[in-house]
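Chains as they are written, first to last, in my numbering: chain A, 1186 to 1440; chain B, 1186 to 1440. Glycine is no exception: its CB is placed at the ideal position from the N, C-alpha and C atoms. Some notes on the structure that comes next.
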DNA sequence: CCCCGCTCTTGAACATGTTCAAGTCGAGGT
DNA sequence: ACCTCGACTTGAACATGTTCAAGAGCGGGG
């Protein structure tokens, strides 16, 4: 009994409004949906909440499904009713940080019009958001790395999350006053997202205190990208640009 | 058989010569060594051999430690006497392919003096060597991805294997007739290796038939690298080159 | 020849992710 | 009021990676 959700719950309609103020619930197009009822949704949240807390407290590998179930006051099997596997619990973490990144990015993008600082700000914001979880992000990073895993950023299951992430970078480009080759402009958001994945990869491996090497990477790479992008308008470099874009296109073909 | 290592085996010294014709045995500086005797080494090989065969036949996840032990005719615990974990068995696969790549690369490098075809040849050779294992390389790729895993290409345990791999790219550069900035020449091998890791990453995710997208990636990227490297000698681009090298240096600092 | 010590081997026991058959619960129809 | 059906819940059972205490085998010193 959260008491918050309106009493007039539609009979069969899933209740999508989050009981507490957190950006998790919508979760963007879960798989083949079982038509959740209010009670179920509450249990689901409880399990997810408990799991993420324990992950942060003890680490991913050290948190057993039994511990999660016990702490949440349900049976182990119940967790598996809502989540296909232990790894799937991570998706919740994923979505949450994604939302937080978006929020932090908005703030940066509202204040700045130049491409370079926009990009730099968004990247740093992303690291800021994830920083508290660095130690255990590494632990479950391998789950995301496996190509067949639904957690992979390239998987079909993560497609909505991926699109949302790319959208941030689209806004970085679109909202900037940078003038650049139109075709490049079209491709750039996805390329920047790919770069962001690279930064995350670097960050996961970065054991320097406070991950300051990652910060330096961002600060060093952004100006280079900025310069490269500006150069894209030079007539002399047109052929080179075409070549690169053609390469990208050829690589994308046939998946 | 490598046949290079001297036949005079010291009494208590570990017998490093492989009983069968395969390039696995040396395995470059295993952890704190238990002084293996001949019998033990033979068992070790047997277990590794069996494991790799089953991995190829059934896949990594589907091969249980019990199955390996049973097939090899030993007890489960015995496998754990020689290998710290199931993942550690992969290191054997690793080393073997590394050696095969080196051999294939030598052949290419002996025949070609221009930088671009040398690089291209070595990259394609690497893919050739790994191609038969693509389907199950993906399965255990996650093991390598975890930063804390000894299997990570960046881990201290893989240091010898990594050095060996970088050496290939050093030969690509050193043996070529390309004239390039001396400082870049010094850094290039490691950068190319890093790029190779990127290619592998792409390859693991590449689901196109025959991984032809990876081939296209190689064919497209090599000319770009070649051109970039040539340009590094232009006086106009000196500052940019310095900037990039300084960035790399700053990122490398404090691990 | 016997014993000591070390390498090597064993298999049962353990921990934990996952599955499943058997329920319980509650809303909607009759 | 009762029935039904599907969402939800349970906990024991299972599969598998890993550990460990106990030994077996063997080489060398006395």
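Taking 8 Å as the cut-off, the beta carbon of residue 1254 (chain A) is found closer than this to the beta carbon of residue 1260 (chain A). With 16 or more other CB atoms across the displayed protein chains lying within 10 angstroms of its CB, residue 1271 (chain B) is buried.
Against chain B, the beta carbon of residue 1401 (chain A) has neighbours under 9 Å at 1432, 1435, 1436, 1438, listed in chain order.
Taking each of B:1263, B:1398, B:1244 in turn and checking the Cα distance to residue 1226 (chain B), the smallest one comes out for B:1263. Listed along chain A are 1323, 1324, each with a C-beta nearer than 8 Å to that of residue 1333 (chain B). Contact between residue 1332 (chain A) and residue 1268 (chain B) is absent: CB atoms are separated by about 25 Å, not below the 8 Å threshold. For residue 1263 (chain A), the enclosing alpha helix (DSSP H) stretches over residues 1261-1267.
The continuous alpha helix (DSSP H) containing residue 1406 (chain B) extends over residues 1397-1416. Three or more Cβ pairs closer than 8 Å define a contact, and the stretch 1385-1399 of chain A meets that threshold against the stretch 1317-1326 of chain A. Around the beta carbon of residue 1421 (chain A), a 10 Å sphere encloses fewer than 16 other beta carbons of the protein chains shown; the residue is thus reported as exposed.
Using a CB distance below 7 Å, the part of the stretch 1332-1365 of chain A facing chain B consists of 1332, 1333, 1339, ordered along the chain.
For residue 1383 (chain B), the enclosing alpha helix (DSSP H) has its first and last residue at 1367-1390.
By the Cβ test, the stretch 1336-1356 of chain A is not in contact with the stretch 1336-1353 of chain B, since fewer than three Cβ pairs between them sit closer than 8 Å.
The DSSP-derived three-state label of residue 1298 (chain B) is coil. Considering only B:1353, B:1330, B:1439, the residue with the shortest C-alpha distance to residue 1397 (chain A) is B:1439. About 15 Å separates the CB atoms of residue 1300 (chain A) and residue 1404 (chain A); that is not less than 8 Å, and the two are not in contact.
Here residue 1347 (chain B) is buried, its C-beta having at least 16 other C-beta atoms within 10 Å. Within the same chain, and ignoring the five residues on either side of residue 1311 (chain A) in sequence, the residues whose Cβ sits closer than 6 Å to its Cβ are 1286. Unbroken beta strand (DSSP E) runs of no fewer than 3 residues, entirely contained in the stretch 1219-1251 of chain B, are not found.
In the same chain as residue 1275 (chain A), and ignoring 5 residues on each side of it, the C-beta atoms closer than 7 Å to its own belong to 1325, 1328, 1336, in chain order. Excluding sequence positions up to five before and after residue 1322 (chain B), its CB lies within less than 7 Å of the CB of 1315, 1389, all in the same chain and listed in chain order.
The continuous alpha helix (DSSP H) containing residue 1345 (chain A) extends over residues 1344-1359.
When the beta-carbon positions are compared, residue 1409 (chain A) and residue 1369 (chain A) stay at least 8 Å from each other. Put simply, of A:1235, A:1376, A:1281, A:1224 the residue whose alpha carbon is nearest the alpha carbon of residue 1429 (chain A) is A:1376. The residue among A:1373, A:1436, A:1378, A:1362 with its C-alpha nearest the C-alpha of residue 1393 (chain B) is A:1436.
Per the coordinates, the alpha-carbon of residue 1245 (chain A) lies some 11 Å from the alpha-carbon of residue 1318 (chain A). Taking the C-beta atoms as reference points, residue 1351 (chain B) is found nearer than 8 Å to residue 1374 (chain B). The beta-carbon of residue 1243 (chain B) is placed no less than 8 Å from the nearest beta-carbon of chain A.
Excluding the 5 residues flanking it on each side, residue 1282 (chain A) has same chain C-beta neighbours closer than 7 Å at 1314, 1315, in chain order. Listed along chain B is no residue with a C-beta nearer than 8 Å to that of residue 1279 (chain A); the closest approach is about 16 Å. With contacts defined by Cβ atoms closer than 8 Å, residue 1414 (chain A) and residue 1363 (chain A) form a contacting pair. With respect to chain A, the C-beta atom of residue 1270 (chain B) has no partner C-beta closer than 8 Å.
Counting of Cβ neighbours within 10 angstroms places residue 1419 (chain A) among the exposed residues, the total staying below 16. When secondary structure is reduced to three states using DSSP, residue 1303 (chain B) falls in the helix class.
If you compare the alpha carbons of A:1289, A:1380, A:1379, A:1247 with that of residue 1320 (chain A), the shortest gap goes to A:1247.
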